[in-house]
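In what follows, a structure is listed as structure tokens, so that the remarks can point back to it.
Protein chains: 4
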Amino acid sequence: MIRIGIIGATGYTGFELLRIFSRHQQADVKFVTSEQNAGQRYSQVFPCPYDAELIHAEEAPIKQADVVFLCLPHGVSMEMVRKVWDAGVRAIDLSADFRLRDPAAYKRWYGRDHRETELLKEAVFGMPEIYREQIAGARLVANPGCYPQTAILGLLPLARAGALAEPRIIVDSYSSVSGAGRGLTLTSHFVEANENLSPYNIGYRHRHISEMEQELNAAGSGPYEITFSPHLAPINRGILSTIYVWTKPEWSLERLQAHYEQSYAGEPFVQVLPQGQLATIAHVANSNRCVISLTQVRQGQIIVCCALDNLIKGASGVAVQNMNIMFGLDERMGLIG
Amino acid sequence: MIRIGIIGATGYTGFELLRIFSRHQQADVKFVTSEQNAGQRYSQVFPCPYDAELIHAEEAPIKQADVVFLCLPHGVSMEMVRKVWDAGVRAIDLSADFRLRDPAAYKRWYGRDHRETELLKEAVFGMPEIYREQIAGARLVANPGCYPQTAILGLLPLARAGALAEPRIIVDSYSSVSGAGRGLTLTSHFVEANENLSPYNIGYRHRHISEMEQELNAAGSGPYEITFSPHLAPINRGILSTIYVWTKPEWSLERLQAHYEQSYAGEPFVQVLPQGQLATIAHVANSNRCVISLTQVRQGQIIVCCALDNLIKGASGVAVQNMNIMFGLDERMGLIG
Amino acid sequence: MIRIGIIGATGYTGFELLRIFSRHQQADVKFVTSEQNAGQRYSQVFPCPYDAELIHAEEAPIKQADVVFLCLPHGVSMEMVRKVWDAGVRAIDLSADFRLRDPAAYKRWYGRDHRETELLKEAVFGMPEIYREQIAGARLVANPGCYPQTAILGLLPLARAGALAEPRIIVDSYSSVSGAGRGLTLTSHFVEANENLSPYNIGYRHRHISEMEQELNAAGSGPYEITFSPHLAPINRGILSTIYVWTKPEWSLERLQAHYEQSYAGEPFVQVLPQGQLATIAHVANSNRCVISLTQVRQGQIIVCCALDNLIKGASGVAVQNMNIMFGLDERMGLIG
Amino acid sequence: MIRIGIIGATGYTGFELLRIFSRHQQADVKFVTSEQNAGQRYSQVFPCPYDAELIHAEEAPIKQADVVFLCLPHGVSMEMVRKVWDAGVRAIDLSADFRLRDPAAYKRWYGRDHRETELLKEAVFGMPEIYREQIAGARLVANPGCYPQTAILGLLPLARAGALAEPRIIVDSYSSVSGAGRGLTLTSHFVEANENLSPYNIGYRHRHISEMEQELNAAGSGPYEITFSPHLAPINRGILSTIYVWTKPEWSLERLQAHYEQSYAGEPFVQVLPQGQLATIAHVANSNRCVISLTQVRQGQIIVCCALDNLIKGASGVAVQNMNIMFGLDERMGLIG
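Chains V, Z, P and S, in that order, are what the protein sequence lines are. What the first sequence shows, in this note's numbering, is residues 1 to 337, in sequence order. What the second sequence shows, in this note's numbering, is residues 338 to 674, in sequence order. What the third sequence shows, in this note's numbering, is residues 675 to 1011, in sequence order. What the fourth sequence shows, in this note's numbering, is residues 1012 to 1348, in sequence order.
Dropping the structure here:
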């Protein structure tokens, strides 16, 4: 059994981790922390059957765990990661703190200095489809953002093949409200979000662009010029990204389709839909799946649709997938494909 | 033109008043106040075309208005109502402060002393279907609660006729989330309310029982023994109450149906559905209508279903209906039937 | 591995069975049938990864299965159950055809003669909380209805204890739209159901009353006089029943709470919430849980709230629970508690 | 009073017309037709207070009307329009049959010959923002499509000014489910559409592209190369289009913003939001408003967001706006701005 700690367990990603672990044969959750709800039972915070007592992070018996999941805000997370690291315990950080390999990029997008640049060098970006081997040996995994994964998984085969005719990439995304967290904001008020669709931080402003740039440029044939338009949609789970790219003449739709299918052939959680089907949230909600579809607009112009559940494949599911890899388990354990 | 002031204009009922006044031929909104948003334009607070500047309530030029609508929390409202009264301006109070004629009942249900018991004597309970004449001459109208109206309109013909065989009344209600206001609570968080149904304050605990008791007992053949179960449903507008009563043997379904139709025959905003149709939210959303249906369970047992839009007929719409009556206008002006 | 067949696999309950079996360690789905979609792959009918080919029921290799699940309309199902029975294969019937032990009740509520009255004698009503032992030895399980389970689980401890002071029981229920099936009706049209709440077949008309009467009367101290008001709510999953009963003076709330907790102490999927918490859909969606809460209205009057996921504990989940019992497996296998 | 007939009145656009006419001071609805529901009262078809009897289209007393609204499928509509025309009565056609001035384009996109090419020459494309004068004198108005209006209103000032640096235009749109009509399809089933987002006919396949091309090319500086991606979102009303264009260097964001504001300064129903606000469905639902926002991505790249209520400004509202213009009424009569 893998002994697990969850720090910051009372947000949606923490709750989702508990849901996954409840059906994971090798998971033994040792502690769950919450600064706001310490002293309460978990079932008082969420309508659920998990009955563990919530403790303060500083009281967490870190050394009793084999791995600690951190579901904290960026900026706050890096300090806790340092503590876990110093305790010799492996960490999977769901914040953005260790996702950007370049501290200057962190400063540019997050508006603050990175205070753990040494640790940053140890972090592996937690996308198994790119870094499976490194994850296996990692002591610190930086779990990727939800939006970035749709863009990266949606474009990786194109980027690796150098198939884009121009650097222009447009990522138009709609996310569920859970992506904004359980904190109270007018934007997340039911009456404001329901029966509504709303863009926010569109253009070149949202921090998740930094992850897309890092990983797509690393995949080759960049640098790319990314436009990213996130929107809020009245659903509980899921992100759908509709991505516009322009491809080189030698990449026919058939060749692209075959290339995508081959690229993801061995991936347990990425599925390229056959021509004629388009990716939707219904394909992925409540699962660790990511589905991708390719549509030709006209010769040399392609639309990639990519969908995943932002709380699972976009966060807690891929975190467990990473844990499974780190501990040599079946990568699919506890996860719904 | 009737000169209008709205105090506490940035909640859902204030917004709804502005929406109604935008299509009311005799309304001239002179001022809108908000303690939280004073200094901003209204269109910065709601995504809407109303562009008035929000001011503090204490700066409100009350005397420039012919009538002031108060959309404030109970307890706070009574002081403002006193100011409006002292300025010689008519008031329509959407809070609960002047709904209960008995100060002792106010204390029992709202947990505080009523500090304006003299004014309380002047207040008219703002249900046109009961008090149309008194409203016409009123200087202070206590606008009724949303839940109570469903129970009162749903049962008034029964109570007046003395048709109930026993005092037992069960009111099972589902309300939209807007009924909980625009304030930020976990209950109103999109992800918590969406895909959920949840009872709250069920049994004999919700304050709105006091209005039901007051008006139904006053209508005759009481006192009644009310059980009231409010629930939250994932919709933006509307209340549906399913009401269980037991009737005297001489009241056949046909007689009841005819009695209800006759009782509301002259009412512009209450419709008794024909046998075979049941009241739903779709009948009433975005209108000032209240629809009622009668269903016989078995001899001597009736289910009354009653639906209205909690923000319109349940609050701002009936408030404007009251204003129209107070100022001798067509009662339907600005309102959708 | 248990070899499984699903007849009528392209409705919501069939889909849910496949979802559950995808994480069930002992399930080997041998065939899935659909009259409408025979010849297609399952993933063409639902946006999902299940890729089995759909065949006609008459081509189903029934004898290759250890158990067959039937997700067919009532009336149609009994013939197929006969075929499965004659093939010597165990059957779990999700239709209503074998739920009522009395053929006269079937005729009264379903408007047709029961044509398999001999088989009817073999059927066990599939609620493990009542018939666990009989299910273990059954060759034919009649899987219970979704609404009835909320009423039966919600009232069983009361009925067994003879705690009701009068026969009156009022069951006010709101169900998700999936309860109406995947067939196309105006009622299930998104625009009609969304932002709406609507009663239907209220009073003493809905067929599910027959199951409530059968099981509650069998539990003792009846007969009861049930009023049942189903409503449609704009959610994908779940039923919430708010149940009104009147209890004998000796049954204090504390005694009742203790009695309920004791009654369900050993049940893996029924949870009695502590005082202060009320049952909601959020407690149970996407799980095989049923949660129950007790609220005292006044001395001698109790509200029982009972929630479950209509597609899981209300249908396919309890069907798998029954299968697990029939085959001597851990009752919880594949199910989320 | 303007005497009005509605042919095909039992879809969502017909219902919306009746809602608008119920608060229009000069509207006198003379007849409503429905092939499917002829003989029924309107209130039996929709949960509403309109009580007119539905008749067959062929029984419609066309000559008793001053104007007839046709809410029929394309292909079917042109024959009825011919009848209305021959009766000497003005027609507002909500189908696509008279929107495309070029019969060859009609054939290409709708897959059939246009059978009323003479009448086609008489039709005026019903966007007041472009053709107000012609509408005033028109006997046949071709009411525009919902999606096209978002693209055309969103890009018209750019096209007229010749501000685009390249022909590339990407229109990414999300529509409410009511846009698909009241007919029964699996796509519109509540459980399928709810909690889902789904692309359909993306790229260069949706018929509405033809209207965008016609009007934007006519506005100047084309031809444009349009990519259009419609998606379905789980809401009852509204379309949000996020539109990507590339502009000439001399068009700074400030200049563009000023140009848009000036372009729509006199328009009663088009509002350009100030910088810092983005267009959302909440701005426009249940109104005849269209809101537009401009966002600069980087030098030379702009995102235009455009929102409207697909049933009102996108269909029945603009139809009434057109009627008001045709009959010399205040253009805003009956409409909510």
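For every residue, glycine included, the Cβ atom is placed at its ideal position computed from N, Cα and C.
Are the C-beta of residue i and some C-beta of chain S separated by less than 8 Å?
i	result
P:GLN686	First, the residue type needs correcting, since residue 686 of chain P is Tyr and not Gln in the sequence shown. It does: the Cβ of P:TYR686 has a partner Cβ on chain S nearer than 8 Å.
P:ALA867	yes
Z:GLY654	no
V:GLN301	yes
Checking contacts by CB at 8 Å: is residue i closer than that to chain V?
i	result
S:ALA1293	yes
S:ALA1244	yes
S:ASP1183	yes
S:LEU1251	yes
Z:ASN573	yes
S:THR1258	no
Take residue i and list the residues in its own chain whose beta-carbon comes closer than 6 Å to its own, dropping the five residues that flank it on each side.
i	result
Z:VAL609	TYR597, GLU598, TYR601, ILE629
Can you give me the Cβ contacts of residue i inside the same chain, cut-off strictly under 7 Å, excluding the 5 residues immediately before and after it?
i	result
S:ARG1034	GLY1345
V:LEU72	ILE7, GLY8, MET80, SER95
P:PRO831	HIS933, TYR934, SER937
S:TYR1023	SER1189, GLY1192, ARG1193, LEU1322
P:GLU941	GLU803
S:SER1298	ASP1320, ILE1323, ILE1347, GLY1348
S:PHE1095	Reading off the sequence shown, one finds Val at residue 1095 of chain S, where the question assumed Phe. Here the set comprises ILE1073, VAL1079, ALA1102.
Per DSSP, what are the beta-bridge partners of residue i in this structure?
i	result
S:PRO1210	S:HIS1242
S:VAL1256	S:ILE1313
S:GLN1307	S:ILE1313
S:ASP1039	S:ARG1014
S:PHE1080	S:ILE1017, S:ILE1103
I'd like to know if residue i contacts chain P, where contact means its C-beta is closer than 8 Å to some C-beta of that chain.
i	result
V:ARG23	yes
Z:SER589	no
S:VAL1188	yes
V:PRO47	yes
Z:GLY540	yes
Could you work out which residue in the options is closest to residue i when comparing CA atoms only?
i	options	result
S:SER1186	S:GLN1055, S:VAL1295, S:GLU1069	S:VAL1295
V:ARG101	V:PHE69, V:LEU70, V:LEU140, V:PRO128	V:LEU140
V:ASN322	V:PHE69, V:LEU253, V:THR185	V:PHE69
P:CYS722	P:ALA739, P:THR684, P:GLU732	P:THR684
V:GLY5	V:ALA319, V:GLY328, V:ASP330, V:ASN196	V:ALA319
P:ILE876	Z:PHE368, Z:ASN573, Z:TRP583, Z:ILE640	Z:ILE640
Z:VAL508	Z:ILE399, Z:ALA498, Z:TYR484	Z:TYR484
S:LEU1175	S:VAL1040, S:ALA1049, S:LEU1340, S:ASN1228	S:ASN1228
S:PHE1280	S:HIS1125, S:GLU1236, S:THR1161	S:THR1161
S:ALA1170	S:ILE1031, S:GLU1236, S:THR1291	S:GLU1236
Z:GLN638	Z:GLU532, Z:PRO504, Z:GLU529	Z:PRO504
Taking CB distances under 8 Å as the criterion, tell me whether residue i reaches chain Z.
i	result
S:GLY1348	yes
V:SER43	no
P:ASN984	no
S:TRP1282	Before going on, a small fix: residue 1282 of chain S reads as Gln here, not Trp. Yes, S:GLN1282 counts as interfacial toward chain Z.
P:LEU871	yes
P:CYS979	yes
Identify the contact partners of residue i in chain A, using a Cβ-Cβ distance below 7 Å as the criterion.
i	result
V:SER210	The structure shown contains no chain A; its protein chains are V, Z, P and S.
Residues from the region 622-635 of chain Z in contact with chain P, defined by Cβ distance under 7 Å: ALA622, THR632, GLN633, VAL634, ARG635
By the 8 Å beta-carbon criterion, what residues does the region 854-865 of chain P contribute toward chain S? ARG856, LEU858, THR859, LEU860, SER862, HIS863, PHE864, VAL865
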